[in-house]
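Below is one structure, written out as structure tokens, with a few remarks after it.
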């Protein structure tokens, strides 16, 4: 807000600057959507933020829930919302036995959310629904004795409030081994910008890839081959600097970070690659692990 106090300044900013300020928050597509939406508000709507649900949903990054939340809470429009807390609350009120996140459940709950809207004070009503779900109609051990709508709750009447909504399938995680390589040449390090279809699209990172080899000799050969494939240059791998364990969506990643020296070759034009002094890493948007590695270099 200090950097971009109005939508015009945000629209005029470079995307990399927006991503740098967003760094560490995750869900970087939200930052890109925020920036793209600001551009559209300025270019199409003259800097005036839309107020109706249909127009709001034409903005990048804004779906049905966000549009309803903005229209009802910011502008007191008669628009329904459906998010985690209200999904659980409405599913219990209706004693809906199916999965409320699937198509049939979503259709029913959106209709219900719209039917129960009052004619006035919509902002207060929608926020109250979310708070009722968050504070009283909780996922585990719902506080039914404190609930003001138990007389309308079919799950409570049937004693099913702990079984509804239907439990979601537990996320299955995939383990990955990856390597990041800090390549140095004449007191500069090599970085690449992640492509549109890659994890952390638009952010800068060190050469990084999955590794499958076992044993120092085979890992070394794989590092040389994959850095050459990704960047076009040949390296002389060095020591393992650190190992970082982290999670991204459904992946649990063990990231080994290696030092390396430039040996020969020219940078490929397939990716956006740059040699920069380590001090410039502070100005670029990096992933959380990329920032940890940058700080390690600077230290």
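In the working numbering, the protein residues as written are 1 to 299. C-beta: ideal position from N, C-alpha, C; glycine also.
Beta carbon of residue i nearer than 9 Å to that of residue j
{"i": "residue 64", "j": "residue 133", "result": "no"}
{"i": "residue 291", "j": "residue 24", "result": "yes"}
{"i": "residue 11", "j": "residue 39", "result": "yes"}
{"i": "residue 234", "j": "residue 257", "result": "no"}
{"i": "residue 276", "j": "residue 149", "result": "no"}
{"i": "residue 241", "j": "residue 296", "result": "yes"}
{"i": "residue 18", "j": "residue 41", "result": "no"}
{"i": "residue 278", "j": "residue 298", "result": "yes"}
{"i": "residue 166", "j": "residue 232", "result": "no"}
{"i": "residue 77", "j": "residue 44", "result": "no"}
{"i": "residue 230", "j": "residue 264", "result": "no"}
{"i": "residue 131", "j": "residue 94", "result": "no"}
Buried versus exposed, by CB contacts within 10 Å (16 or more), residue i
{"i": "residue 143", "result": "exposed"}
{"i": "residue 135", "result": "exposed"}
{"i": "residue 116", "result": "exposed"}
{"i": "residue 218", "result": "exposed"}
{"i": "residue 68", "result": "buried"}
{"i": "residue 216", "result": "exposed"}
{"i": "residue 37", "result": "buried"}
Below-9 Å beta-carbon distance, residue i vs any chain C residue
{"i": "residue 171", "result": "You won't find chain C in this structure, because it holds only one protein chain."}
As assigned by DSSP and simplified to three states, the class of residue i
{"i": "residue 65", "result": "helix"}
{"i": "residue 179", "result": "strand"}
{"i": "residue 266", "result": "coil"}
{"i": "residue 321", "result": "No information on residue 321 is available, as it lies outside the stretch 1 to 299 that the chain covers here."}
{"i": "residue 125", "result": "helix"}
{"i": "residue 247", "result": "strand"}
Cutoff 7 Å; reference residue i; Cβ partners in own chain excluding five residues on either side
{"i": "residue 340", "result": "For residue 340 there is no data in the structure shown, the boundaries of the chain being 1 and 299."}
{"i": "residue 4", "result": "10, 13"}
{"i": "residue 329", "result": "Given that the chain is displayed from residue 1 to residue 299, the structure contains no residue 329 and the question cannot be resolved."}
{"i": "residue 293", "result": "180, 182, 206, 257"}
{"i": "residue 267", "result": "231, 232, 233, 273"}
Contacting residues, own chain, Cβ-Cβ under 6 Å from residue i (five flanking each side not counted)
{"i": "residue 22", "result": "31"}
{"i": "residue 84", "result": "none"}
{"i": "residue 251", "result": "174, 176"}
{"i": "residue 209", "result": "226"}
{"i": "residue 57", "result": "67"}
Spatial neighbours of residue i in its chain, beta-carbon cut-off 8 Å, leaving aside the 5 residues before and after
{"i": "residue 212", "result": "177, 222"}
{"i": "residue 101", "result": "87, 168"}
| query | Does the count of Cβ pairs from the stretch 194–203 and the stretch 178–185 closer than 8 Å reach three? | reply | no
| query | Within the chosen definition, does the stretch 156–168 reach the stretch 121–130 through at least 3 CB pairs nearer than 8 Å? | reply | no
| field | Given 8 Å, three or more beta-carbon pairs between the stretch 203–212 and the stretch 272–287 | value | yes
| With a cut-off of 8 Å, do at least 3 Cβ pairs link the stretch 105–119 to the stretch 44–63? | no
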